[in-house]
Structures are given as C-alpha cells and as structure tokens.
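> If you use full-length UniProt numbering, the sequence shown corresponds to residues 1 to 250, in order. Ideal placement from N, C-alpha and C gives every residue a C-beta, glycine not left out.
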Amino acid sequence: MIDIRGVQKSFKNTVVLKGVNLTVEEGETVALIGSSGSGKSTLLRCINLLEIPDQGSIAIGDYKFKAHDISRHTKKEVRKRTSMVFQSFGLFENKTALENVTEALIVVQKKKKNEAIEIGRFYLDKVGMLNRADYYPTALSGGQKQRVAIARALALNPQIILFDEPTSALDPELVQEVLQVIKQASDERMTMLIVTHEMDFAREVSDKVAFMDDGIVLEVAPPEKLFFHPEHERTKQFIDRYMQRFSYTI
1 MIDIRGVQKS FKNTVVLKGV NLTVEEGETV ALIGSSGSGK STLLRCINLL
51 EIPDQGSIAI GDYKFKAHDI SRHTKKEVRK RTSMVFQSFG LFENKTALEN
101 VTEALIVVQK KKKNEAIEIG RFYLDKVGML NRADYYPTAL SGGQKQRVAI
151 ARALALNPQI ILFDEPTSAL DPELVQEVLQ VIKQASDERM TMLIVTHEMD
201 FAREVSDKVA FMDDGIVLEV APPEKLFFHP EHERTKQFID RYMQRFSYTI
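(1) Taking buried to mean at least 16 other C-beta atoms within 10 Å of its own C-beta, is ALA139 buried or exposed?
(2) Quick check on DSSP: helix, strand or coil for TYR63?
(3) Would a C-beta distance cut-off of 8 Å place PHE228 and GLN146 closer than the cut-off?
(4) Which class does ARG121 belong to by DSSP, given the choice of helix, strand or coil?
(5) Flag this pair as touching only if the segment 102 to 121 and the segment 179 to 195 have three or more C-beta atom pairs under 8 Å; answer yes or no.
(6) Would you kindly report the start and end of the unbroken alpha helix (DSSP H) that includes ASN100?
(7) Would you identify the three-state DSSP class for PHE227, choosing helix, strand or coil?
(8) Given this structure, state the Cα-to-Cα distance separating residue 283 from LEU44, to the nearest angstrom.
(9) Note down, one range per segment and in chain order, each alpha helix (DSSP H) of at least 4 residues found wholly within the segment 5 to 47.
(10) Can you tell me which residues form a DSSP beta bridge with GLU219?
(11) Give me, in chain order, the residues of the same chain whose beta-carbon lies closer than 7 Å to that of SER141; leave out the 5 immediate sequence neighbours on both sides.
(12) By alpha-carbon positions, which one of GLN184, GLU115 and VAL148 ends up nearest to GLN87?
(13) Taking only three categories from DSSP, how would you classify PRO3?
(14) Assign GLN144 to one of two classes, buried (16 or more other C-beta atoms within 10 Å of its C-beta) or exposed (fewer than that).
(15) Determine the contact status of HIS232 and LEU218, defining contact as a CB-CB distance below 8 Å.
(16) Between the beta-carbon of LYS208 and the beta-carbon of PRO222, is there less than 8 Å?
(17) Is DSSP giving VAL127 helix, strand or coil here?
(18) Below 8 Å on the Cβ atoms is my contact criterion, and I expect HIS74 with LEU50 to pass it. Report the Cβ-Cβ distance as a whole number of Å.
(19) Can you tell me the Cα-Cα spacing of VAL205 and ASN94, whole angstroms?
(20) Once you ignore the five residues that flank GLY34 on each side, which residues in its own chain have a CB closer than 6 Å to its CB?
(21) Between the Cα of GLY56 and those of ALA116, LEU154 and LEU22, spot the shortest distance and give me the residue it belongs to.
(22) Quick one: what does DSSP say THR82 is sitting in, helix, strand or coil?
(23) ILE216 and ILE19 - do their beta-carbons sit closer together than 8 Å?
(24) Considering only residues of the same chain and omitting the five flanking positions on each side of PHE246, which have a CB-CB separation below 7 Å?
(25) If the criterion is Cβ atoms closer than 8 Å, does the pair ASP54 and SER83 meet it?
(26) Nearest-angstrom Cα distance between GLU26 and LYS76?
(27) Applying the 10 Å Cβ sphere with the 16-neighbour rule, what's the burial state of PHE92?
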C-alpha cells in the first residue's frame, strides 16, 4: 500500500505539486491521468525520491517518511520497496537484456549471480523476451526494450511499480505489446501506479483512475464512474476533450 499526504514540490518559482493526496491499496492498479504539466511525472519522481518533495509525507507499506527528514538511508529504504519504469527505458547500453535485469539483483539486493540469472530468465520469459536474453539494447525494438525494463522492475519484487508514461516513446504498432505485459502484471495483482495517456487502457486495466489537474489529484474513482460520470466539471472537460479527439466522421 502507498499513502501520499500533502505532497508539495516547487522548481524555482514554479509550484508543480500543490498538496497531493492519493492512496493506492495493495494489489491495486491505479492510472494517473491528466493534461501535460499537471504534475503526474513529478509525483512519481517524488514517491521514489528522484525528486525530493518540499512538504508532505509518503508511506510505502510500513515505511513512512516526511519531506523534511530525508536522508541517504531514506532513499535506500524507499528504493528497496519501489521499482520505476521510465518512458525512455533506462537500460544500460553495454549490458545484455539479461544483465540489465540481473544488475540490481546482484548489486542492490546482494543475490548470488546464479540466483540472479535464474530470476532474470524467469521474468524475461514472463514478458516474452527470454529469446532475446543475450541481445544488447541496440539490437532491440522500442517495445522490446520496454518489456526488458518491465522485467527488471518485476524481478526486484517491489511493493509497488511506478510507470511513467511507459508507451509514450514507442511507435504506435509497438504500444500494444507493452500494454499487454502491464495488463498481465495487473491481473496478477501487482501494486502499480501508472502515468498514462492511453485512456482506453486506463479504463480496461485500472481498479481506480486518478485525475490530476494543476498540481493536485482532483478526483479518484473507478474507471467507469470517472470516465462516464465524473463529479468535477474540470474532469468532465478533460474526458470530453479526449473523446472528441478520437471521434472521426468518414
């Protein structure tokens, strides 16, 4: 479970997060949607301390930390409990797909190499990439790279996986293969918070959808309610704009 309370973040004179409150229960998949610049990616980066929040508190399972009391130990504890999948994949170009998955298992979790390889192969197989285990990232398509990145995240067995627009850097024909892997993880009740612009996917895979606007989480609801019966006018405007964007007359 992850519980975010009153999280604020500014960059110089720009206030990006204005007091975010959000709860993701264990085993839930929550999609985080909203316009570009609403603070979605910044929130993810504050959760795993790639960015340090200015105010607020975050609990990940039984570990809680406050913005004004973050140390190297805090970062270590948080990253033991979280994995993040980036839109730009974040793979080591000088390591094979398997080595990308096993690196953190060996270096961070201190697993023996043979055990790490066994775990790595298991998760590469899970995302349909075992036959590319010895390939370097330069020999992989964007969709294949992202599936390796997801295998790496799953292999760490985190309490929550954070996805930052995992399909935004992919060609349209490669999006579906990545979404299918994420859906499989959701079906297996992996706790996930997903920043996405794929609205149909958010409706299909999420237990809840959170709409972010101007630095706050404005509304949280099951997908059918949020997409078809939103409470806030701003949410309705965003959804209507999305629906119009994908309505065509032939």
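Looking at the atomic coordinates:
(1) exposed
(2) strand
(3) Taking 8 Å as the Cβ cut-off, PHE228 and GLN146 do not qualify as a contacting pair.
(4) helix
(5) no
(6) 97 to 107
(7) PHE227 falls in the helix class under three-state DSSP.
(8) The question about residue 283 has no answer, for the chain in this structure spans 1 to 250.
(9) 40 to 47
(10) PHE211
(11) LEU174
(12) Relative to GLN87, the option among GLN184, GLU115 and VAL148 whose CA is nearest is VAL148.
(13) Note that residue 3 is Asp in the sequence shown here, rather than Pro. Residue state, collapsed to three classes: strand.
(14) buried
(15) For the pair HIS232 and LEU218, the CB atoms are nearer than the 8 Å cut-off.
(16) Against a cut-off of 8 Å, the Cβ pair of PRO222 and LYS208 comes out as a contact.
(17) coil
(18) One point to set straight first is that residue 74 is Thr, not His, in the sequence displayed. About 13 Å; that fails the 8 Å criterion.
(19) VAL205 and ASN94: Cα-Cα distance of roughly 34 Å.
(20) LYS40, PHE211, MET212 and ASP213
(21) LEU22
(22) strand
(23) The amino acid occupying residue 19 in the given sequence is Gly; Ile does not appear at that position. A contact, by the Cβ cut-off of 8 Å.
(24) Legend: pLDDT at PHE246 = 49, less than 50; position of this residue unreliable, value from coordinates given subsequently. Excluding positions up to five away in sequence, the list is empty.
(25) no
(26) 21 Å
(27) Exposed, because fewer than 16 other Cβ atoms sit within 10 Å of the Cβ of PHE92.
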